[in-house]
Amino acid sequence: LAKTTQPISMDSYEGQEVNITCSHNNIATNDYITWYQQFPSQGPRFIIQGYKTKVTNEVASLFIPADRKSSTLSLPRVSLSDTAVYYCLVGGASGSARQLTFGSGTQLTVLP
Amino acid sequence: GAGVSQSPSNKVTEKGKDVELRCDPISGHTALYWYRQSLGQGLEFLIYFQGNSAPDKSGLPSDRFSAERTGGSVSTLTIQRTQQEDSAVYLCASSSGFSYNEQFFGPGTRLTVL
Chain A
73 LAKTTQPISM DSYEGQEVNI TCSHNNIATN DYITWYQQFP SQGPRFIIQG
123 YKTKVTNEVA SLFIPADRKS STLSLPRVSL SDTAVYYCLV GGASGSARQL
173 TFGSGTQLTV LP
Chain B
6 GAGVSQSPSN KVTEKGKDVE LRCDPISGHT ALYWYRQSLG QGLEFLIYFQ
56 GNSAPDKSGL PSDRFSAERT GGSVSTLTIQ RTQQEDSAVY LCASSSGFSY
106 NEQFFGPGTR LTVL
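Chains A and B are the protein sequences, given in the same order. Numbering-wise (our numbering), the first sequence opens with residue 73 and increments by one. Numbering-wise (our numbering), the second sequence opens with residue 6 and increments by one.
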């Protein structure tokens with residue numbers, strides 16, 4: 073299983089850029105990297121997914137170095153509503169659903 | 006269109022009773038997943054369905070847990086002889102296929118075993 077490691081928590085202020093890094097040293101060749109966001113009392117919500125280099129959508133960017141052993145989720149100009157838990161998920165290549173493992177995530181707290 | 010729905014939203018039961026949790030996935034989604042999330046913890050994978058079959062049941066914590074899916078749609082997670090440690094939020098998700106496709110999550114069922 074591609075184990076992931078993320079910081080347990082991060083604090084930021086409104087308007088700042090936030091970068092959350094996830095380590096996944098034993099990522100498999102065909103694994104994708106996916107990030108989800110979870111608000112209290114809700115199920116997780118897909119944010120962004122990538123395989124290599126950089127991916128950008130309307131809410132975030134995902135940076136993946138050439139060795140793919142880590143990835144960084146970048147949230148531009150966060151607001152209070154971005155306070156949530158962010159999960160890094162690696163897998164999907166081999167057909168084992170257990171590879172789609174959500175770790176403990178990173179609790180991001182955005183302060184006014 | 007409608008998202009993933011789960012029922013009930015909350016369930017309080019007594020230790021030793023059986024409970025059934027229901028998940029209605031997004032129409033047309035062939036893959037369905039069950040997860041468990043204890044208070045303040047990450048998601049724990051329980052079981053995955055592709056169509057009506059469950060190729061991966063490896064996450065079920067004990068033989069008291071079972072799940073089925075009928076017609077490639079609705080799924081039921083059953084917990085027999087509930088224990089207090091079963092108390093958690095049970096989340097269901099569906100996707101248009103397995104592998105790395107985006108999973109769409111329901112709101113969850115909060116189970117409390119007294």
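We treat Cβ as the ideally placed atom computed from N, Cα and C, and that holds for glycine. These numbers were taken from a predicted model, which means no experiment stands behind them.
Top-ranked residue by Cα proximity to residue i, from the options
i, options, result
"residue 131 (chain A)", "A:117, A:104 and A:97", "A:117"
"residue 42 (chain B)", "B:119, B:118 and B:114", "B:114"
"residue 57 (chain B)", "B:86, B:80 and B:40", "B:80"
"residue 30 (chain B)", "B:75, B:86 and B:118", "B:75"
"residue 73 (chain B)", "B:27, B:11 and B:112", "B:27"
"residue 115 (chain A)", "B:38, B:52 and B:53", "B:38"
"residue 157 (chain A)", "A:128, A:123 and A:92", "A:92"
"residue 87 (chain B)", "B:67, B:106 and B:14", "B:67"
"residue 139 (chain A)", "A:180, A:123 and A:145", "A:123"
"residue 163 (chain A)", "A:119, A:146 and A:107", "A:107"
Interface residues of chain B facing residue i [CB-CB closer than 8 Å]
i, result
"residue 133 (chain A)", "Here the premise fails: no neighbours, minimum Cβ distance about 17 Å."
"residue 118 (chain A)", "107, 108 and 109"
Listed by chain order, chain B residues near residue i by CB distance under 7 Å
i, result
"residue 175 (chain A)", "47"
Secondary structure of residue i, DSSP reduced to three states
i, result
"residue 83 (chain A)", "strand"
"residue 11 (chain B)", "strand"
"residue 153 (chain A)", "helix"
"residue 89 (chain A)", "coil"
"residue 19 (chain B)", "coil"
"residue 25 (chain B)", "strand"
"residue 160 (chain B)", "Since the first residue of chain B shown is 6 and the last is 119, residue 160 (chain B) is not available in this structure."
Chain B contact residues for residue i, given Cβ-Cβ distances below 9 Å
i, result
"residue 159 (chain A)", "47 and 48"
Residues near residue i by beta carbon distance below 6 Å, same chain, minus five either side
i, result
"residue 70 (chain B)", "84"
"residue 62 (chain B)", "52"
"residue 85 (chain A)", "183"
"residue 87 (chain A)", "149"
Neighbour list for residue i in chain A, Cβ cutoff strictly below 9 Å
i, result
"residue 113 (chain B)", "113, 114 and 115"
Listed by chain order, chain A residues near residue i by CB distance under 8 Å
i, result
"residue 7 (chain B)", "In chain order: nothing, as chain A lies at least about 14 Å away."
Chain-ordered chain A contacts of residue i [CB-CB under 7 Å]
i, result
"residue 96 (chain B)", "115"
Every unbroken beta strand (DSSP E) inside the segment 27–73 of chain B [3 residues or more]: 36–42, 48–55 and 58–61
Which runs of the beta strand (DSSP E) fall wholly inside the segment 115–148 of chain A and span at least 3 residues, in chain order? 117–122, 125–128, 133–136 and 142–147
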